[in-house]
Amino acid sequence: LGGGHDEREQTLNQILVEIDGFGSSEGVIVMAATNRPDILDPALLRPGRFDRQVTMNAPDVKGREDILKVHAKNKPFEEDVDLSVIAKTTVGFTGAELANLLNEAALLAARKGKHLIGMNDLEEAMIKVIVGPAKKSKVISEKEKKLTAYHEAGHAITTWVRQPDDPVHQISIIPSGRAGGYTLSFPKEDRSYMAKSMMESEIVTLLGGRVAEALVMGDISTGASNDIQRASSIARQMVTKYGMSEKLGPILYGSESSSDEVFLGRDFNQTKNYSEETASLIDSEVKNIVTAAYDDAEDVLRENMEKLHFVASYLMKNEIMEEEQFVRAMTESDITIEDLEAMVAEKRRKSREENEARARRLAEEEKLREEERRNTEDESNKAEREVKNTSTPKDDDKSDFEDKN
């Protein structure tokens, strides 16, 4: 890897030869697009080649709402559908992904026999795009179901306490994609940076699932492996990339490359510009950050143990908890599972009534169109008969004609 005559080098040289060949031709503009500008060879970006660069970022919340409105034209929606809410919960989505989301929602509504696309269809489609399709047919034991419920409840409650600006959107213990369950939370507004406190809170919420398992089940599982990986990665970036360690200071340690992947023959050996002693100190700082976050998550869940049991119990019975239900569960002391189930039932009732009303309107419109078609056909037939009667000679006229001859 990284040799001077590898396939990457040959491909680059051939591209440069072809681009330089256009030099003598006027009116030829070479354009290219990439999702990985960080791995482009500098030779491609020199003057006379791809020297003019236009950055196309993902749309912001206003742009996402406008894109959704464009693709929502000619699609029937229930009254409770609010595209601005969907725009806020689709951070990072491109225009194509937003269009796909609406198409998925329309398909989901059609499969349910609905005439209108509801907010729940849009949210289900969004989760399908983000997490993957739900595996509702997968058989799960009660023990695993309980473990997943407490794990996700731990994520949700630590998010509620430590990341109030990232409200929980939905909690589910239905297996989706590669996950046994998920807790979705979205920022209230787009961000261009992350503060140190925000990154620390993110680590706390990532470890909330593991902590809940340990506190309630008395054991831990492999379900937190991805959470631990992400928490460790954030902590290491805080120390080595963002200079957030007091002991190590605001210094970049390691490669400046934003990618850790081997791509097109790029050397996989990362530049190590620090000593073994510093490496040991980095590991120590990373461990301190993660350990402190774990202890914080444990404190949060111990203080909210009653809520942890309540949310997990609801999930074990109903599998999914929406944002409105979670907010009530966390803010109302006398709330019951039956109260939250009544919220869902009422929402479904309104959706059913709207769809039934839509079906009646469609049936009435079809009936009116059918009557108009019949009336049009009757008038057309009547006109044809009148024309035929007018063009046929009467018997008296025919006799006169014969006498004259």
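Residue -11 in the numbering used here sits at position 8 of the sequence shown; the count goes up by one each step and never skips. Just so you know, even glycine gets a beta-carbon here, dropped at the ideal spot from N, CA and C.
Rounded to whole angstroms, Arg330 and Val308 show a C-alpha spacing of 21 Å. In the DSSP secondary-structure assignment, Thr164 is bridged to Ile152. In this structure, Ala87 lies near Ile98, with their beta-carbon atoms less than 7 Å apart. The three-state reading of DSSP puts Ser157 in strand, counting E and B together.
Excluding five sequence positions before and after Ala160, the CB atoms of its chain that fall closer than 7 Å to its own CB belong to Val112, given in chain order. Secondary structure note for Met100: its alpha helix (DSSP H) is the uninterrupted segment Met100 to Ile111.
At the C-beta level, Glu85 and His132 stay beyond 7 Å of one another. Distance from the Cα of Val72 is smallest, within the candidate group Glu360, Glu327 and Asp171, for Asp171. In this structure the region 258 to 266 does not touch the region 291 to 305; the number of beta carbon pairs closer than 8 Å is below three. Nearest C-alpha to Ile108 among Glu334, Ile155 and Ser122: Ile155. Around the beta-carbon of Ser206, fewer than 16 other beta-carbon atoms lie within 10 Å, marking it exposed.
One thing to note: Glu125 has its Cβ no nearer than 7 Å to the Cβ of Glu335. Short of 7 Å from the beta carbon of Pro40, and not among the five residues preceding or following it, lie these beta carbons of its own chain, in chain order: Ile48 and Gly76. Just so you know, the alpha carbons of Ile209 and Tyr163 end up roughly 15 Å apart. By the neighbour-count definition (other C-beta atoms within 10 Å, threshold 16), Lys288 is a buried residue. The C-alpha of Thr36 lies about 39 Å from the C-alpha of Arg92. Two segments are said to touch when three or more pairs of C-beta atoms, one from each, lie closer than 8 Å; by this definition the region 315 to 332 does not touch the region 144 to 154. A residue is called buried once 16 or more other Cβ atoms fall within 10 Å of its Cβ, and Thr203, having fewer, is exposed.
Excluding residues up to 5 positions away in sequence, Ala310 lie with their Cβ nearer than 7 Å to the Cβ of Phe291 in the same chain.
Met324 carries a helical assignment under DSSP once its states are collapsed to helix, strand and coil.
Within its own chain, the residues whose Cβ lies closer than 6 Å to the Cβ of His52, once the five positions on either side in sequence are excluded, are Ala80 and Leu83, listed in chain order. Thr221 is a Cβ neighbour of Gly235, given a cutoff of 7 Å.
Assignment of beta-bridge partners to Ala310 by DSSP yields no partner. By the criterion of a C-beta distance shorter than 8 Å, Leu282 is surrounded in its chain by Gly135, Ile138, Thr139, Gly189, Val192, Ala193, Leu196 and Leu289, once the five residues flanking it on both sides are discounted. For Ile67, the enclosing alpha helix (DSSP H) has its first and last residue at Leu64 to Lys69. At least 7 Å separates the beta-carbon of Leu89 from that of Ile67. For Met180, there is no enclosing beta strand (DSSP E); the residue is found in the alpha helix (DSSP H) stretching over Lys177 to Ala193. When rounded, the separation of the alpha-carbon atoms in Gly94 and Lys56 is 15 Å. The three-state secondary structure of Glu266, taken from DSSP, is helix. CA-CA distance, Arg341 to Ser332, rounds to 14 Å. DSSP links Phe74 through a beta bridge to no other residue. For the region 332 to 360, there is no continuous beta strand (DSSP E) assignment of 3+ residues that stays within its boundaries.
Within a 10 Å sphere around the beta-carbon of Lys69 sit 16 or more other beta-carbons, which makes this residue buried. Taken atom to atom, the span from the alpha-carbon of Gly224 to that of Phe74 is near 30 Å.
Here Ala364 is exposed, its C-beta having fewer than 16 other C-beta atoms within 10 Å. Nearest neighbour of Glu46 by Cα position, chosen from Arg30, Glu78, Lys348 and Leu26, turns out to be Glu78.
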